[in-house]
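To start, the structure under review is shown below, and the notes come after it.
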Amino acid sequence: MAVAVIGDEGSGKSIFITLMYATQIRYTAGSDGDFRFFASPKDLQVISKEYNRMRMGSWPSDELLGKDIRYSCGFRMKQSTLKRLFGSRQKHVEIEFRVLATSSSEFEPMKTGEIDDIANIPARAQEMIQEPIWLFLVEASRNDLKPWGRLVSNMIGHAPSKPQIIVMFTMTDKANTRGGIPKRLPLDRKVRNELGRSLINKRAGEVSRLWDRERVYGPEIFFSEVQTTDQKGKPVPKLDRNESGSFEMAYSYDQYQALLGHLGDIARVLDQNV
Amino acid sequence: MPAAILGDRACGKTTFLALLYSSQIKYSNDPENADRFKFFASPSTVNFMGDMYNHLKGGGWPDATAKGQRTKVDFLFGFRRFGAAMIPSWVENRGWANPYNTIKFSVYDVAGEDVNDLVRTPDGVMDDDIPEEIHELLESRVLVILVDTSRITAKPRSKPFMAMMDYDTKTATLISLIAEYNSKKTDPAQRTIYPVFVFTKFDVLMQKKKLLESMKLTETYPEMKEQEKRLHYAETLLRNFYGQTLALLRGGKLKNVSFDDSAYYFSEVGVEFNDDGIPIPSLHVMKDGAGHEITYSHPEYVGFIDHFRKIANKMPDDIKDAQEFNK
Numbered sequence: 065m066a067v068a069v070i071g072d073e074g075s076g077k078s079i080f081i082t083l084m085y086a087t088q089i090r091y092t093a094g095s096d097g098d099f100r101f102f103a104s105p106k107d108l109q110v111i112s113k114e115y116n117r118m119r120m121g122s123w124p125s126d127e128l129l130g131k132d133i134r135y136s137c138g139f140r141m142k143q144s145t146l147k148r149l150f151g152s153r154q155k156h157v158e159i160e161f162r163v164l165a166t167s168s169s170e171f172e173p174m175k176t177g178e179i180d181d182i183a184n185i186p187a188r189a190q191e192m193i194q195e196p197i198w199l200f201l202v203e204a205s206r207n208d209l210k211p212w213g214r215l216v217s218n219m220i221g222h223a224p225s226k227p228q229i230i231v232m233f234t235m236t237d238k239a240n241t242r243g244g245i246p247k248r249l250p251l252d253r254k255v256r257n258e259l260g261r262s263l264i265n266k267r268a269g270e271v272s273r274l275w276d277r278e279r280v281y282g283p284e285i286f287f288s289e290v291q292t293t294d295q296k297g298k299p300v301p302k303l304d305r306n307e308s309g310s311f312e313m314a315y316s317y318d319q320y321q322a323l324l325g326h327l328g329d330i331a332r333v334l335d336q337n338v
Numbered sequence: 092m093p094a095a096i097l098g099d100r101a102c103g104k105t106t107f108l109a110l111l112y113s114s115q116i117k118y119s120n121d122p123e124n125a126d127r128f129k130f131f132a133s134p135s136t137v138n139f140m141g142d143m144y145n146h147l148k149g150g151g152w153p154d155a156t157a158k159g160q161r162t163k164v165d166f167l168f169g170f171r172r173f174g175a176a177m178i179p180s181w182v183e184n185r186g187w188a189n190p191y192n193t194i195k196f197s198v199y200d201v202a203g204e205d206v207n208d209l210v211r212t213p214d215g216v217m218d219d220d221i222p223e224e225i226h227e228l229l230e231s232r233v234l235v236i237l238v239d240t241s242r243i244t245a246k247p248r249s250k251p252f253m254a255m256m257d258y259d260t261k262t263a264t265l266i267s268l269i270a271e272y273n274s275k276k277t278d279p280a281q282r283t284i285y286p287v288f289v290f291t292k293f294d295v296l297m298q299k300k301k302l303l304e305s306m307k308l309t310e311t312y313p314e315m316k317e318q319e320k321r322l323h324y325a326e327t328l329l330r331n332f333y334g335q336t337l338a339l340l341r342g343g344k345l346k347n348v349s350f351d352d353s354a355y356y357f358s359e360v361g362v363e364f365n366d367d368g369i370p371i372p373s374l375h376v377m378k379d380g381a382g383h384e385i386t387y388s389h390p391e392y393v394g395f396i397d398h399f400r401k402i403a404n405k406m407p408d409d410i411k412d413a414q415e416f417n418k
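As structure tokens, this is what we get:
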């Protein structure tokens, strides 16, 4: 069970991967064993390097791009009281993140017109279409989302099964990156999805397949916001002192936490279906 | 049962070993522990640990060990098995039954280069060309992780902050390696690893009162008997400053490797100033008045030794590599 993360250049893939990692670390500590994650040493070294960069107040480098990064998230299955009382072994369902950076060229044919034969697109993009969960990263400031809409439509048209779609709008706290998204990001699921839906319809045109309940689950909308501070006239990630006195990256942790919760729900449902 | 003591350079490994050496002498000589606990080390290790203790007593701190200059330090703890009293003495004397569960400690430098080399091998941890020392480390059932608390700082964008994060990454990577390596084993007992965290140079962290206060932690760590409070205290430190390590320990379960049974100990050395105003280890008169000894967190070291008795009982040793104890 894997999540394919798809985003154009500049959509914040490296930042997203780094912030997901940061969220997992925080979430693990507070989840009392309900959530766990694991990464292989090789992947861990790569992600951790970027995480450390951001914790030092710098943007991630582009080393993550073009790499096939994988890590697993485990969500504890809900158990009946009886099972818990009788000490039944607690089970985790796993979801694998497979982050494949997609450059514009890889998906280009799918952005310009309808694709009849999936064999005409690069193997890497074909591979991603096979995954059950697609997570799209979309720059909030991008006004024209029509190419993206065509890409999504094409992907849905060639999906082997009904995919779970997640859209994450990426931005900083600077007004020019937000594309009109309010400062106070909505956390309530209904409000979040309504706002996202209106943004997509306005900028991508009517992507009918995206809203076709027969063909897709979702889309579920989230917002990724990195707060910044100016350093020598350039915005760099801001660090905030947390309740415990140490410093952490200032970002929309609540949104990422909600995303993890949503992925946990998907994992549990898919596991039962299996 | 193999146990690894891990720490990067200048994290307080040598001081820890010297104090552990002193503690085990007292522990072994305590009539209550007579015959229940044994310590063994090669002459070079005994020499090294003894010298280091005397060096501390003489008012000096150990020098940071450079790569390649390290003495190989291995030693054994032996704990009398439950039911060993039932073994007739003539059986024991002839070496036909081993009345001790043994834990073999090996000390490793967690140098970034070594971890990087290992991760770079084409097949990662399953590579046949893994050096013997790393193979031993991956086979360890107990991981003693030394955490240098003097590096704990809340100042972001500073060198100590960077060093702290770097060590966190290295330790988390090692845990990931160990989990991957052990995940292939079929016996669940072989997939259970016991992590033991030792917070070294705690006397330095105790001076950072504001930092501890901001974490809602007291200046001194809770005593041994307050297990829950100790757990909270230690996990607060790890969560805030070594989050990746803590998260990967929990994540081992996803590879069917359990690191869940962690224990925490605190190492501190009393400090006084010499005539030149330089801080040196402080000494106090021994209870029986027969000399001086270093002021340090002795109960923590005793707790550390006792903890291994519990582990040894949980995981009886099948590797009879300690024939010394039969004699």
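Sequence order for the protein chains is A and B.
Mind the numbering: the first sequence is residues 65 to 338 in the working numbering, read in order.
Mind the numbering: the second sequence is residues 92 to 418 in the working numbering, read in order.
No residue lacks a Cβ here, since even glycine has one placed at the ideal position from N, Cα and C.
These numbers come from a predicted model, not from an experiment.
In angstroms, rounded to a whole number, what distance separates the CA positions of B/V198 and A/A86? Taking the second sequence and counting its residues from 1, the one referred to as residue 198 of chain B is at position 107. Taking the first sequence and counting its residues from 1, the one referred to as residue 86 of chain A is at position 22. Near 31 Å, if we compare the C-alpha coordinates of A/A86 and B/V198.
Verify the CB distance criterion: does B/G98 have a CB-CB separation below 9 Å to chain A? Locating residue 98 of chain B in the second sequence gives position 7, where the first residue counts as 1. Cβ-Cβ to chain A under 9 Å: no for B/G98.
Buried or exposed for B/D239, going by 16 or more other Cβ atoms inside 10 Å? The residue you call residue 239 of chain B lines up with position 148 of the second sequence. Buried is the call here.
Option nearest A/F311 by Cα separation, candidates B/R232, B/G342, B/H146, B/R330: To locate residue 311 of chain A, count along the first sequence from 1; it is residue 247. Per the Cα distances, B/R330.
DSSP three-state assignment for B/S353, whether helix, strand or coil: For the purposes of this step, residue 353 of chain B is taken as the residue at position 262 of the second sequence. In this structure, B/S353 counts as coil in the three-state DSSP scheme.
Contact between the segment 224-236 of chain A and the segment 195-205 of chain A (3+ Cβ pairs under 8 Å): yes
Is there at least one Cβ from chain D nearer than 9 Å to A/Q228's Cβ? Judged by its chain identifiers, the structure shown contains no chain D, and its protein chains are A and B.
Verify the CB distance criterion: does A/L303 have a CB-CB separation below 9 Å to chain B? As a working mapping, residue 303 of chain A is identified with position 239 in the first sequence. Yes, A/L303 counts as interfacial toward chain B.
Sequence-distant residues of its chain with Cβ nearer than 6 Å to B/T244 (five each side left out): Translated into positions along the second sequence, residue 244 of chain B becomes position 153. P251, F252, listed in sequence order.
Take A/I182 and list the residues in its own chain whose beta-carbon comes closer than 8 Å to its own, dropping the five residues that flank it on each side. The count along the first sequence starts at 1 and reaches residue 182 of chain A at position 118. Same-chain partners within the cutoff: Q190, I193, H222.
Look at the alpha carbon of B/M143 and the alpha carbon of B/Y112, and state the distance between them as a whole number of angstroms. The sequence position of residue 143 of chain B within the second sequence is 52, counting from 1. The sequence position of residue 112 of chain B within the second sequence is 21, counting from 1. Roughly 9 Å between the two C-alpha positions.
Could you check the C-alpha separation between B/I385 and A/Y317 for me, to the nearest Å? In the second sequence, the residue the question calls residue 385 of chain B occupies position 294. In the first sequence, the residue the question calls residue 317 of chain A occupies position 253. Each residue's Cα considered, the two are about 47 Å apart.
Closest Cβ-Cβ distance between A/M120 and chain B: below 9 Å? Position 56 of the first sequence, counted from the start, is the residue given in the question as residue 120 of chain A. It does: the Cβ of A/M120 has a partner Cβ on chain B nearer than 9 Å.
Enumerate in chain order the residues of its own chain whose CB-to-CB distance from A/A66 is below 6 Å, with the five nearest sequence positions on each side excluded. Here residue 66 of chain A refers to the residue found at position 2 when the first sequence is read from its first residue. These residues qualify, in order along the chain: E160, R162, E195.
Under 9 Å between C-beta atoms, does A/E158 make it to chain B? Residue mapping note: residue 158 of chain A aligns to position 94 of the first sequence, counting from 1. Judged by the 9 Å Cβ criterion, A/E158 is in contact with chain B.
Can you check whether the CB of B/A403 is closer than 9 Å to the CB of B/N189? Your numbering for residue 189 of chain B matches position 98 in the second sequence. Your numbering for residue 403 of chain B matches position 312 in the second sequence. Contact flag unset, no.
Please classify A/I133 as buried or exposed, where buried requires at least 16 other C-beta atoms within 10 Å of its C-beta. Reading the first sequence from its first residue, position 69 is the one you call residue 133 of chain A. Counting Cβ neighbours within 10 Å, A/I133 comes out buried, since at least 16 surround it.
Entirely enclosed alpha helix (DSSP H) segments - the segment 265-333 of chain B, minimum 4 residues: 293-297, 300-305, 318-332
Can you list, in chain order, the residues of its chain whose CB lies under 6 Å from that of A/E284, leaving out five sequence neighbours each side? By 1-based counting over the first sequence, the position of residue 284 of chain A is 220. Correct list, in chain order: I230, H326.
When you compare the CB positions of B/R321 and B/Y355, do they come within less than 9 Å of one another, or not? Taking the first residue of the second sequence as position 1, residue 321 of chain B is located at position 230. Taking the first residue of the second sequence as position 1, residue 355 of chain B is located at position 264. It is a contact, given that the beta carbons lie within the stated cut-off.
Return the CA-CA distance between B/K411 and A/F102, expressed in angstroms with no decimal places. The sequence position of residue 411 of chain B within the second sequence is 320, counting from 1. The sequence position of residue 102 of chain A within the first sequence is 38, counting from 1. Here the model assigns B/K411 a pLDDT of 40, short of 50, so the residue's position is not dependable, and the following value carries that caveat. About 34 Å.
Helix, strand or coil for A/R100? Go by DSSP, reduced to three states. Taking the first sequence and counting its residues from 1, the one referred to as residue 100 of chain A is at position 36. If DSSP states are grouped into helix, strand and coil, A/R100 belongs with the strands.
Are the CB atoms of B/Q281 and B/R341 nearer to each other than 9 Å? By one-based count along the second sequence, residue 281 of chain B stands at place 190. By one-based count along the second sequence, residue 341 of chain B stands at place 250. Cβ distance not < 9 Å, so B/Q281 and B/R341 don't count as in contact.
Proximity test, Cβ basis, 9 Å: A/S310 and chain B: As a first step, residue 310 of chain A is located in the first sequence; it is residue number 246 there, counting from the start. A/S310 counts as touching chain B.
Environment of A/N218 [buried if 16+ CB atoms lie within 10 Å]: Walking along the first sequence from the start, residue 218 of chain A turns up at place 154. Its Cβ being crowded by 16 or more others within 10 Å, A/N218 is buried.
Same chain, Cβ closer than 6 Å to A/L251, neighbours up to 5 away in sequence not counted: For the purposes of this step, residue 251 of chain A is identified with residue 187 of the first sequence, where counting begins at 1. So the qualifying residues of the chain are D318.
Expected contact under 8 Å - CB spacing of A/M141 and A/V157 to nearest Å: Position 77 of the first sequence, counted from the start, is the residue given in the question as residue 141 of chain A. Position 93 of the first sequence, counted from the start, is the residue given in the question as residue 157 of chain A. Correct: roughly 6 Å between the Cβ atoms.
So is A/I89 in contact with chain B if we call contact Cβ pairs under 9 Å? Walking along the first sequence from the start, residue 89 of chain A turns up at place 25. By this cut-off, A/I89 is an interface position.
Of all the residues that make up the segment 310-342 of chain B, which are near chain A by a beta-carbon distance shorter than 9 Å? E326, T327, L329, R330, N331, F332, G334, Q335, L337, A338, L339, R341, G342
Proximal chain A residues relative to B/K275, where beta-carbon distance stays under 7 Å: Here residue 275 of chain B corresponds to residue number 184 of the second sequence, with the count starting at 1. Within chain A, no residue comes near B/K275; the closest Cβ sits about 13 Å away, beyond 7 Å.
Please compile the residues from chain B whose C-beta is within a distance smaller than 7 Å of the C-beta of A/L327. One-based indexing of the first sequence puts residue 327 of chain A at position 263. Result: empty, since nearest Cβ-Cβ is about 14 Å, beyond 7 Å.
Enclosing alpha helix (DSSP H) for B/P134 [first to last residue]: What you label residue 134 of chain B is simply residue 43 of the second sequence in a count that begins at 1. Element bounds for B/P134: 134-148.
Same chain only: Cβ atoms within 6 Å of A/K71, ignoring 5 sequence neighbours per side: One-based indexing of the first sequence puts residue 71 of chain A at position 7. It is worth fixing the name first, because residue 71 of chain A is Gly in this sequence and not Lys. If we look at A/G71 and ignore the five residues flanking it on each side, its Cβ neighbours are K77, L201.
Between B/G361, B/M315, B/K307, B/I284, which has its C-alpha nearest B/K344's C-alpha? By 1-based counting over the second sequence, the position of residue 344 of chain B is 253. Residue B/I284 is the option with its Cα nearest to B/K344.
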